[in-house]
Each structure stands twice: as structure tokens, then as C-alpha cells.
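K.L.:
Here the numbering used here is used: the first residue of the sequence shown is 80, the next is one more, and so on.
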Amino acid sequence: MLRGMYTGASGMVAQMHKMDILANNLANVDVTGYKKDTSVHKAFPELLLRRMNDDGVYSFPIGSADTSPIIGRLGSGVELNEAYTDFTQGAFKQTDNPFDMAMEGRGFFAVETPYGERYTRNGSFILGKEGMLLTKEGFPVLGEQGPIYIKKNNFIVDQNGNVFQNETFAANPDRLVSMEENEWENTEFLDKLKIVEFHRDRYLKKQ
Numbered sequence: 080m081l082r083g084m085y086t087g088a089s090g091m092v093a094q095m096h097k098m099d100i101l102a103n104n105l106a107n108v109d110v111t112g113y114k115k116d117t118s119v120h121k122a123f124p125e126l127l128l129r130r131m132n133d134d135g136v137y138s139f140p141i142g143s144a145d146t147s148p149i150i151g152r153l154g155s156g157v158e159l160n161e162a163y164t165d166f167t168q169g170a171f172k173q174t175d176n177p178f179d180m181a182m183e184g185r186g187f188f189a190v191e192t193p194y195g196e197r198y199t200r201n202g203s204f205i206l207g208k209e210g211m212l213l214t215k216e217g218f219p220v221l222g223e224q225g226p227i228y229i230k231k232n233n234f235i236v237d238q239n240g241n242v243f244q245n246e247t248f249a250a251n252p253d254r255l256v257s258m259e260e261n262e263w264e265n266t267e268f269l270d271k272l273k274i275v276e277f278h279r280d281r282y283l284k285k286q
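Okay, structure coming up:
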């Protein structure tokens, strides 16, 4: 009877963790770049019941062997084995923010934080006061040469992550009223977005 209670309790605890993960996924469904978490459950190791008065171990010249017969198996419920993030490609959405970016594939944007370099799929960026490209949390977006500095209405990013500016307006970007006004007659390379890929992204941990 107690065994059945423990088995049922372990199942309820496992379902509780599963519901917590599902609730967190639903709460963040509209967050840009959010990737859902998935729970994996496993059965407790089966306990093998053997004869108490006979250890069943026999010695041989080349070693030993356990010959004790199995007289039964004891199942003891399930437990949460792990929770991992599913990095399947999400849908694209057009925005009115000229600094927003989207990434196709398994890469991550690299950003600089007080805890070191971190990685994100969230391409919702803003322009800082000094022209630095930032995440909405205020962390600098990194290029291969460090933080990326751009000027409003005077930058483009190609499909490979290369960042360019029109050198004609580099000294006086206020002359540009909109991105469409820029004819890009004198393109200058600034930097390339630092895109990082992980072969085993399943083991990445959210912060």
C-alpha cells in the first residue's frame, strides 16, 4: 500500500513540474525570440529483489559471477529527468523598428553582460545614446570587433550579418530623414555581427 502511495506521489510531483514548464511557455508565448522548454521524464531504476540468505556470487579462476535468481521487479514511479529548451526555428514577424533583426538557422546573437558574454535569439534591438546597438535590457550587441556603433538612418545589415554605413553621411547623419532617402552610393564596412552556433544547444541554460 505504501509503495503505491509513493508511486502515485512521484507521478503527481512529475506532473507538477510538467505543468510549471507549460505555464512558463504560455506566459512567454509573445516574447520575441522565446524558445519553449520541454520536460523529459524517466522511470525510477527497477529494484531487483534477490534471496536474502544467498548473495549469489561465485568465484572462478578468471573472475566472479552473480548467479542469484531474480524473483521480482519493483516499479517506483517516475521523476523529472531534465528540462531542455527546444530551439526549433520560430516564425518571422515584421516590425516598424529599423534596429530589429531576425536570424534564420541555429545561430545566436552575442551580447556583452556584467557576467560575461551571453547569447540570445531575441533580435529586438535599440540604439543607445552614443550610437551603440543594444538589447532592450541595455546590453551591447557584439560584432567580431566588439560592440557595434551605428548611426540612425545610416546603416544596413546584409544576410550574412555584415554591417555597412554610407560614408557620405557618416559625419552628419542628421541630414538623413529616413532610411529610404539613403542611396548608398559610398558604402563602408563597419563590422560583422558575432553569430555563435552550438552543436549541442540542448544543453544551454536560460538566465
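Ideal Cβ placement from N, Cα and C applies to all residues, glycine included.
Predicted, not measured: the structure shown is a model, and the values here were computed from it.
1) Quick check on this structure: which residue in Glu196, Asp99 and Gly169 has the alpha carbon closest to the alpha carbon of aspartate 109?
2) Assuming the contact rule is C-beta atoms closer than 8 Å, lysine 273 and leucine 221 should be a hit. Round their C-beta distance to whole Å, please.
3) Which one of Asp270, Asp175, Ser89 and Phe188 has the shortest CA to CA distance from glutamate 276?
4) Using a Cβ-Cβ cut-off of 8 Å (strictly less than) and excluding sequence neighbours within five positions of glutamine 94, which residues of its own chain qualify?
5) Based on Cα-Cα distance, which residue from Ile100, Arg197 and Tyr113 lies nearest to phenylalanine 171?
6) Straight-line CA distance for methionine 131 to glutamate 196?
7) Buried or exposed: where does glutamine 173 fall if 16 or more other Cβ atoms within 10 Å of its Cβ makes it buried?
8) Leaving out five residues before and five after lysine 271 in sequence, what residues of the same chain have Cβ atoms less than 7 Å from its Cβ?
9) According to DSSP, is isoleucine 229 part of a helix, a strand, or is it coil?
10) Under a Cβ-count criterion, where at least 16 other Cβ atoms within 10 Å of its own Cβ denotes burial, should glutamine 244 be classed as buried or exposed?
11) Could you tell me whether the Cβ atoms of phenylalanine 166 and aspartate 280 are closer together than 8 Å?
12) Can you give me the Cβ contacts of methionine 182 inside the same chain, cut-off strictly under 8 Å, excluding the 5 residues immediately before and after it?
P.N.:
Inspection of the coordinates gives the following:
1) When each option's Cα is compared against that of aspartate 109, the closest is Gly169.
2) At roughly 4 Å, the Cβ-Cβ gap stays under 8 Å, so lysine 273 and leucine 221 are in contact.
3) Nearest C-alpha to glutamate 276 among Asp270, Asp175, Ser89 and Phe188: Phe188.
4) Contacts found: none.
5) If you compare the alpha carbons of Ile100, Arg197 and Tyr113 with that of phenylalanine 171, the shortest gap goes to Tyr113.
6) The pLDDT assigned to methionine 131 is 44, lower than 50, so where the model puts this residue is not dependable; a value taken from the coordinates is nonetheless given after this. About 56 Å.
7) Looking at its Cβ environment, which holds fewer than 16 other Cβ atoms inside 10 Å, glutamine 173 is exposed.
8) Taking C-beta separations shorter than 7 Å and ignoring five residues to either side along the sequence, the partners of lysine 271 in its chain run Gly222, Glu223, Gly240, Asn241 and Val242, following chain order.
9) In this structure, isoleucine 229 counts as coil in the three-state DSSP scheme.
10) Per the 10 Å Cβ criterion, buried.
11) In this structure, aspartate 280 lies closer than 8 Å to phenylalanine 166 by Cβ.
12) Within the same chain, and ignoring the five residues on either side of methionine 182 in sequence, the residues whose Cβ sits closer than 8 Å to its Cβ are Phe188, Arg200, Gly202 and Ile274.
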